[in-house]
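Here's the structure we're looking at; comments come further down.
In my numbering, the protein residues as written are 3 to 86.
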């Protein structure tokens with residue numbers, strides 16, 4: 003992956019994490035935590051979708067993939083760290 007593509011994914015992942023925290027209230031980890039989880043989740047989402055044969059194209063496809071991955075990862079992390 004070229005450096006411009008990596009920077010774009012980091013940026014999209016950060017925004018996706020912030021957006022996932024807004025969408026999925028109650029599972030947030032603060033602004034910085036959500037951004038970090040968003041970055042990891044966007045890469046995770048892209049990887050998982052590529053395994054099943056789906057390739058996101060364009061900026062909108064990348065954003066959708068990143069947000070879905072961030073929401074899923076935020077949910078999964080929230081399940082393990084949430085106080086019962």
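The beta-carbon is built from N, C-alpha and C at its ideal position, and this holds for glycine as well.
Where do the ends of the alpha helix (DSSP H) carrying residue i lie?
{"i": "residue 69", "result": "60 to 83"}
{"i": "residue 2", "result": "In the structure as shown, the chain begins at 3 and stops at 86. Residue 2 is therefore absent and cannot be evaluated."}
Out of curiosity, what's the CA-to-CA distance linking residue i and residue j?
{"i": "residue 53", "j": "residue 31", "result": "28 Å"}
{"i": "residue 33", "j": "residue 20", "result": "7 Å"}
{"i": "residue 37", "j": "residue 17", "result": "7 Å"}
{"i": "residue 65", "j": "residue 26", "result": "17 Å"}
Please say whether residue j and residue i have beta carbons closer to each other than 9 Å?
{"i": "residue 43", "j": "residue 10", "result": "no"}
{"i": "residue 75", "j": "residue 47", "result": "yes"}
{"i": "residue 39", "j": "residue 79", "result": "yes"}
Would you please state the rounded distance, in angstroms, between the beta carbons of residue i and residue j? I believe it to be under 8 Å.
{"i": "residue 51", "j": "residue 67", "result": "6 Å"}
{"i": "residue 41", "j": "residue 15", "result": "4 Å"}
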